[in-house]
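Step one of this worksheet: look at the structure below.
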Amino acid sequence: MAQRIGRIAVTGVGPVVEHGDRPAKSVTGEEFEVTATVFREGHEAVNATVVLTDPTGQEHPVRMTRVNAGLDLWSATVSADRPGTWSYRVEGWTDPYGTWHHDAVIKVGAGVDVELMLEEGARVLERAGAERLAEAITALRDTKQMPEARLAAGLSAEVRAELEARPLRDHVTASREHPWLVERERALYGAWYEMFPRSEGAYFDEGSGRWVSGTLRTAAARLDAVAGMGFDVVYLTPIHPIGRVNRKGRNNSLDSEPSDPGSPYAIGSSDGGHDALHPDLGTFDDFGAFVARARELGLEVALDLALNCAPDHPWVAEHPEWFTTRADGSIAYAENPPKKYQDIYPLNFDNDPEGLYAEVLRVVRLWLGHGVTIFRVDNPHTKPLWVWERLIADVAVDRPDTVWLSEAFTRPPMMHTLAQVGFQQSYTYYAWRHGRDELQEYLTELSGPAAAYMRPNFWPTTHDILTPFMQRGGPATWKMRAALAATLSPSYGIYAGYELMERVARPGAEEQIDNEKYEYKDRRWAEHDAAGSTLAPYLSRVNEIRRAHPALHRLRNLRFHHADDDHILVFSKARQVYDRDDVIVVVANLEPEHTRESFVHLTMPDLGLGWDDSFIAHDLITGEHWNWSQHNFVRLGPDTEPVHIIRVRR
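Taking my numbering, I'd label the letters of the sequence shown as residues 508 to 1157.
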């Protein structure tokens, strides 16, 4: 049997993803904790170091701290200063100076083996560096001095600092190297705004009795407002030609009118497929202008990658083997019982995996060449996992800055594995988590071990999802769910129309009536802005707070606190940036249509404060200030604000 334990036992290293077969993830500057169990036989002192190896091969040792002596648990907080492929290992080692320090204090104090212990101390320091420690070595051997004074020389702050900086390490035993992928900041942090480009600038022409589609040029005119609200990413639903065969009508009807635009997820027609633009939207020059304007405003462009094909997509005729043929010779359309998508043929990667994969990779590279930096992938759980693992890795060879968002509302093992094979971000169950206990349980999972590989992107609603909670809620509810999404998760997003609180559902479905997937929307933004009937100012303020406070750019720093009322959620996030503590406390009424009063009880050390300290609580939404301490009274509801976002000021 192969030997698995070295001279020093180093076990339980974390974070480790899939036993170290897949990399743990972070972004540049993101701190996280490396832990390990390190011990040896007997009573000699043991110490531990985590060694970080950067993309150039240079090693960066970081001393670990024993956080639980009884369990031999060691920990260190680490971060990376640049993106790339890193690794880390934990080294356990015997600490000769630590062993002597412990024994000498006891024995010299008891008058046992005094000269022997002082001589052994001198020899330990000689090993450590005779020149740097010459004064202490001489003092340890100076028999003219009292033993206590000689011992004090060997235990001085200067000696301890030297041994801390350049320790003696015997029997160094290393764990295996664990892979660590460091990505750019947008992989973790960002505010997303989703739009259907065809609706931006669309209008109903009374003369013809038909809708006129918006274009990429008219959609670009909306970018100023999106950037003005503080969003970082503009996400476009598919912009390709839409099939005419089995085209869906309004509200997912099987009967479409000639003027119905169809679902943009039914991709492909005689005008082209995934590598083409819908002719109503314009040309690639128009798309280039859209991307250029977005960049001028500080926005990145995310594009929907939906591997769906309309029955008249060019691939259907050219490569029927890329689809599933049923016993009657027909091609199977997409289903997600009870939902049916007669206008979509899903791809089948089993018949010609290499040919179909090569085409998908070509399409992705085409859009990267046109300025797309992020892909929101539609239903990735309906495709083989190897496709995404290979695609994301192949794209990263030339474009490691590409970010992939998984839209997989499915079983946890699939969602977690999609993250492990390469997706930087994932949609989550946030839309369906409303109670305090379920939110705390879910966020504890996401900000705990799962954070080593899975990053959430919280959406209160999407073009597919309008939960009963949001259907019933008024402005306070829509404020609360956006503020929670924006502060619980570093990445969050809203679907256009959220500002207007569009909340009428199609009967029997958890989605909007008159759904934008099947028709144009003319939201008349300017009219709503003028009337003040929009949440745009509130969203702007929330995004402004997010940008100003680095604590909200992270996930693993989430800490929950207690409130007497079960409908009040309290949490904090803290981060030190450039020697400045940034601490945010959020208090939310989870039933915001009703005013609720409660005492909240803060775990003060999580705020960097002592239990008896007080601080100025500055509400960043309203501008109000209060003197707070461990126990504080709050009142939240539709007549005040549903959420406090508080900056802790010492």
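Even glycine gets a Cβ: it sits at the ideal position worked out from N, Cα and C. Here the structure is a predicted model, which means the values were calculated and not measured.
Practice item. State the start and end residues of the unbroken alpha helix (DSSP H) segment that holds Met921. Key: 919-927
Check your understanding: Three-state secondary structure (DSSP) at Pro1149?
Key -> coil
Exercise for review: Report buried or exposed for Ile881, applying the criterion of at least 16 other Cβ atoms within 10 angstroms of its Cβ.
Suggested key: buried
Practice item. Give the DSSP-derived three-state secondary structure of Asp1073 in the structure shown. Key: coil
Point to revise | One or two residues paired with Tyr710 in a DSSP bridge | key: Val719
Point to revise | Endpoints, alpha helix (DSSP H) assigned at Asn1050 | key: 1043-1055
Point to revise | Endpoints, the alpha helix (DSSP H) within which Gly986 is located | key: According to the sequence provided, residue 986 is Lys. The question's Gly does not apply to it. First-last of the alpha helix (DSSP H) with Lys986: 982-995.
Check your understanding: Count the other CB atoms within 10 Å of the CB of Ile1001; is the residue buried (16 or more) or exposed (fewer)?
Key -> buried
**Study point:** Backbone CA spacing between Gln931 and Arg883 [nearest angstrom]
**Key:** 10 Å
Review point. What is the DSSP secondary structure of Trp829, reduced to helix, strand or coil?
Key: helix
Check your understanding: Between the stretch 612-624 and the stretch 691-711, are three or more C-beta pairs nearer than 8 Å?
Key -> no
Exercise for review: Count the other CB atoms, across all protein chains shown, that sit within 10 Å of the CB of Met653; report buried if there are 16 or more and exposed otherwise.
Suggested key: exposed
Check your understanding: Could you give the distance in angstroms between the alpha-carbon of Arg1031 and the alpha-carbon of Arg729?
Key -> 11 Å
Practice item. Identify whether Pro530 lies in helix, strand or coil by the three-state DSSP scheme. Key: coil
**Study point:** Residue burial classification, Leu912 (beta-carbon count within 10 angstroms, cutoff 16)
**Key:** buried
Practice item. Report the rounded CA-to-CA distance for Trp985 versus His781, giving the unit in angstroms. Key: 35 Å
Check your understanding: Hey, is the stretch 831-849 in contact with the stretch 731-744, meaning 3+ C-beta pairs nearer than 8 Å?
Key -> no
**Study point:** Where Met508 falls: helix, strand or coil (DSSP)
**Key:** Per-residue confidence for Met508 stands at a pLDDT of 46, beneath the threshold of 50, marking its modelled position as unreliable; no derived number is given.
Point to revise | Residue span of the beta strand (DSSP E) that contains Leu1065, given as start and end | key: 1065-1067
Practice item. Ignore the nearest five residues each way along the sequence and tell me which others in Phe1106's own chain have a CB closer than 8 Å to its CB. Key: Ala1070, Asp1071, His1138, Asn1139, Phe1140, Val1141
Check your understanding: Per DSSP, what kind of secondary structure is Val823 in: helix, strand or coil?
Key -> helix
Point to revise | Among Pro1014, Phe1122, His970, nearest to Tyr700 - alpha-carbon criterion | key: His970
Check your understanding: Beta-carbon separation of Asp1113 and Ser1079 under 7 Å?
Key -> yes
**Study point:** Span of the alpha helix (DSSP H) around Gly862
**Key:** 860-876
Check your understanding: Going by Cα to Cα distance, which pick from Met922, Ala732, Glu551 is closest to Gly605?
Key -> Glu551
Check your understanding: How would you label Leu898, buried or exposed, when you count the other beta carbons within 10 angstroms and need 16 or more for buried?
Key -> buried
Review point. What distance in whole Å lies between the Cβ atoms of Ala583 and Val545, which are believed to be in contact at a cut-off of 8 Å?
Key: At roughly 11 Å, the Cβ-Cβ gap does not stay under 8 Å, so Val545 and Ala583 are not in contact.
Point to revise | Span separating the alpha-carbon of Val733 from that of Trp718 | key: 24 Å
Review point. Can the beta-carbon of Ile475 be found less than 7 Å from the beta-carbon of Ala1124?
Key: A query on residue 475 cannot be resolved here, the shown segment of the chain reaching from 508 to 1157 and no further.
Exercise for review: Could you spell out where the beta strand (DSSP E) holding Ser594 opens and where it closes?
Suggested key: 591-601
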